[in-house]
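> Counting from -8, one number per residue, gives the positions in the sequence shown under this note's numbering.
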Amino acid sequence: MKIAVIGAGSWGTAMAVMLGHKHDAVSLWARNEEVVHQLNRDRENERYLPGVSIPTSVLCTNSLQAAVAHAEFVVLATPSQAIRTTVEAIASHLSDKTIIVTATKGFELQSLKRMSEVIAEVVPQLSERIAVLSGPNHAEEVGMKQPTATVVAARSAVVAEVVQEVFMQPYFRVYTNPDIIGVELGGALKNIIALGAGIIDGLGFGDNTKAALMTRGLAEMARLGIAMGADPLTFAGLSGIGDLMVTCSSRHSRNRRAGILIAQGKSIQEIEIESKMVVEGIRTTAAAYQLAKAHQVEMPITEKAFQILYEGKPPKEAVLDLMTRGRTQEVEEVVADKSIWKL
């Protein structure tokens, strides 16, 4: 079996390393030729995943064609705004038996589409062979073989189970879920709440504040998910509350770190330069703000995050706005697909 991982950031590298421990032929694509040379020479991604050894079964290349040629699995780990152009570049090299796994969490800003939807538009013949991987999986810990769990969703149960088997390791437990919408939304929307968690830390607030933010953040994630056709129970799983917990609290979370910098007065441009990697929550906030309006869903935390990021609202004022909103009940009854979800 040949597997291609497209994107040599921290998460792409961690997945290539993990897959290389189980499979004999893994390609890892990086855009920069010098980076590829360094990866193949030192067997370590010094910039994005230092201290993790890349097994010899992983061949790094800067040729997309060479990476995906004859690959049965293609794993996408590029930034969300590059997914469409990446799939367009490899489309002619994919067979009708290729399974595409997206590990990118976000929305395409121009279309507001989820990653699986973007991929299906480019290669509609493979729409039933697209899977989504999401969960509380920081690259630094996966690379060190620390135990974790994740979830894979696909339209086809057979495809999901095949991907489950490909990724399953003693330290990486994989569950399946038929709710591809909910799994993608959970992975994307939690980054907005993680920005808020970082802002809370940067402002010097405590655990009570963060717990309240995460709880109400999960409620509005599920609220938008229901409006977009997701199963509400998915948000109680690994791609929902699981990913939310780790991204809001971990020292490895780039979205949380970005929130801390926002509280310190840094601009989006300064944050992205300092982080050296794409902070998906920044763009996801813009997309989710538009989706909430389109679906007429109330998302107060997302709205305040948008105002901070794009309208210059001071973070302390945003917190005060949230705390002084009109009185409401914690539990709402929302009917979706003949089931009732308490928010």
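Glycine included, each C-beta is placed from N, C-alpha and C at the ideal position.
1) Quick one: using the 10 Å Cβ neighbour count with 16 as the cut-off for buried, is Met314 buried or exposed?
2) Could I get the ranges of all uninterrupted beta strand (DSSP E) runs contained in the segment 78 to 111, with 3 residues as the minimum, in chain order?
3) What residues in its chain sit with their C-beta under 6 Å from that of Leu50, if we drop five residues either side in the sequence?
4) Between which two residues does the beta strand (DSSP E) containing Arg318 stretch?
5) Taking three-plus beta-carbon pairs below 8 Å as touching, is the segment 92 to 111 in contact with the segment 165 to 178?
6) Under the assumption that Gly189 contacts Ile251 (Cβ atoms under 8 Å), give the Cβ distance between them as a whole number of angstroms.
7) Can you give the beta carbon distance from Asp234 to Lys201, rounded, assuming they're within the 8 Å contact cut?
8) According to DSSP, is Val142 helix, strand or coil?
9) By the three-class DSSP mapping on this structure, what secondary structure does Val17 have?
10) Our contact map puts Met212 next to Gly231 with C-beta atoms below 8 Å; I'd like the distance itself, whole angstroms only.
11) Does the Cβ of Glu321 have 16 or more other Cβ atoms within 10 Å, making it buried, or fewer, making it exposed?
12) According to DSSP, is Thr69 part of a helix, a strand, or is it coil?
13) Mapping DSSP to helix, strand and coil, what is Lys(-7)?
14) Suppose contacts are defined by Cβ-Cβ distances below 7 Å. Is Ala279 in contact with Ile217 by that definition?
15) For Ala(-5) and Asp33, what's the separation of their Cα atoms in angstroms?
16) In whole angstroms, give me the CA-to-CA distance for Asn199 and Glu265.
17) For my contact list, Phe98 and Gly177 are in at a C-beta cut-off of 8 Å; report their separation, rounded to the angstrom.
18) Indicate the three-state DSSP secondary structure (helix, strand or coil) for Ser44 in the structure shown.
19) In or out: His286 buried (at least 16 other Cβ within 10 Å) or exposed?
20) Consult DSSP for Ala221 and reduce its assignment to one of helix, strand or coil.
21) Counting C-beta neighbours from all protein chains within 10 Å, is the total for Gln116 16 or more, i.e. buried, or is it exposed?
22) Is the CB-CB distance between Ala73 and Gly3 below 7 Å?
23) Excluding the 5 residues flanking Ser118 on each side, which residues of the same chain have their C-beta closer than 6 Å to its C-beta?
24) Please list the terminal residues of the continuous beta strand (DSSP E) segment that includes Asn168.
25) By alpha-carbon positions, which one of Gln29, Thr139, Ala185, Asn36 ends up nearest to Val270?
26) To the nearest angstrom, how far is it from the Cα of Gly303 to the Cα of His61?
27) Whose C-alpha, out of Ala16, Lys13, Arg38, is nearest the C-alpha of Asn23?
28) Count the other C-beta atoms from every protein chain shown that fall within 10 angstroms of the C-beta of Glu179, then say buried if there are 16 or more, exposed otherwise.
29) Helix, strand or coil for Ser258? Go by DSSP, reduced to three states.
30) Determine the direct distance from the alpha carbon of Val66 to that of Pro138, and round the result to whole angstroms.
31) Can you name, in chain order, every residue of its own chain whose Cβ lies under 7 Å from the Cβ of Ala283, other than the five neighbours on each side?
32) Could you pull the start and end residues of the alpha helix (DSSP H) that Ser240 belongs to?
33) Near Ser44, which residues of its chain fall below 8 Å by C-beta distance, leaving aside the five closest residues on each side in sequence?
34) Quick one: is His129 buried, meaning 16 or more other Cβ sit within 10 Å of its Cβ, or exposed?
35) Find out if the Cβ-Cβ distance for the pair Pro306, Ala249 is shorter than 7 Å.
36) Compute the distance between the beta-carbons of Leu55 and Ala80, then report whether it is under 7 Å.
To lay it out plainly:
1) Exposed: under 16 other Cβ atoms inside 10 Å.
2) The segment 78 to 111 is shown to contain whole beta strand (DSSP E) runs of 3 or more residues at 90 to 93, in chain order.
3) When the five nearest sequence neighbours on each side are left out, the beta carbons in the same chain lying within less than 6 Å of the beta carbon of Leu50 are those of Ser18, in order along the chain.
4) Taken as a continuous stretch (DSSP letters only), Arg318 belongs to no beta strand (DSSP E), as it is neither H nor E.
5) As far as the Cβ criterion goes, the segment 92 to 111 touches the segment 165 to 178, which means the pair count is three or higher.
6) That belief holds up - the Cβ atoms of Gly189 and Ile251 are roughly 4 Å apart, short of 8 Å.
7) Not confirmed; about 16 Å, so no contact.
8) In this structure, Val142 counts as strand in the three-state DSSP scheme.
9) Val17: strand per DSSP, three-state reduction.
10) Right, the Cβ-Cβ distance comes to about 7 Å (below 8 Å), so this counts as a contact.
11) Exposed.
12) Coil, per DSSP.
13) If DSSP states are grouped into helix, strand and coil, Lys(-7) belongs with the strands.
14) Their beta carbons are not under 7 Å apart, which means Ala279 does not touch Ile217 by this criterion.
15) About 20 Å.
16) Their backbone Cα atoms lie some 29 Å apart in a straight line.
17) Contact flag wrong, Cβ pair sits at about 13 Å.
18) Note: Ser44 maps to strand in three-state DSSP.
19) Answer is exposed; the Cβ neighbour count stays below 16.
20) In the three-state DSSP reduction, Ala221 falls in the coil class, being neither helix nor strand.
21) Exposed, because fewer than 16 other Cβ atoms sit within 10 Å of the Cβ of Gln116.
22) Against a cut-off of 7 Å, the Cβ pair of Gly3 and Ala73 comes out as no contact.
23) So the qualifying residues of the chain are Ala111.
24) Note, Asn168: beta strand (DSSP E), 163 to 168.
25) Of the candidates Gln29, Thr139, Ala185, Asn36, the one whose C-alpha sits nearest the C-alpha of Val270 is Ala185.
26) Their Cα atoms are separated by approximately 49 Å.
27) Closest option to Asn23, Cα to Cα, is Arg38.
28) Here residue 179 turns out to be Ala, not Glu, going by the sequence shown. Answer is buried; the Cβ neighbour count reaches 16.
29) Coil, per DSSP.
30) Cα to Cα, Pro138 sits roughly 21 Å from Val66.
31) Within the same chain, Cβ atoms closer than 7 Å to the Cβ of Ala283 are found at Leu215, Met290, Thr293, the five residues on either side in sequence being excluded.
32) Run containing Ser240: 234 to 240, per the alpha helix (DSSP H) assignment.
33) So the qualifying residues of the chain are Val8, Arg34, Glu35.
34) Buried is the call here.
35) Contact flag unset, no.
36) Using a Cβ distance threshold of 7 Å, Leu55 and Ala80 count as a contacting pair.
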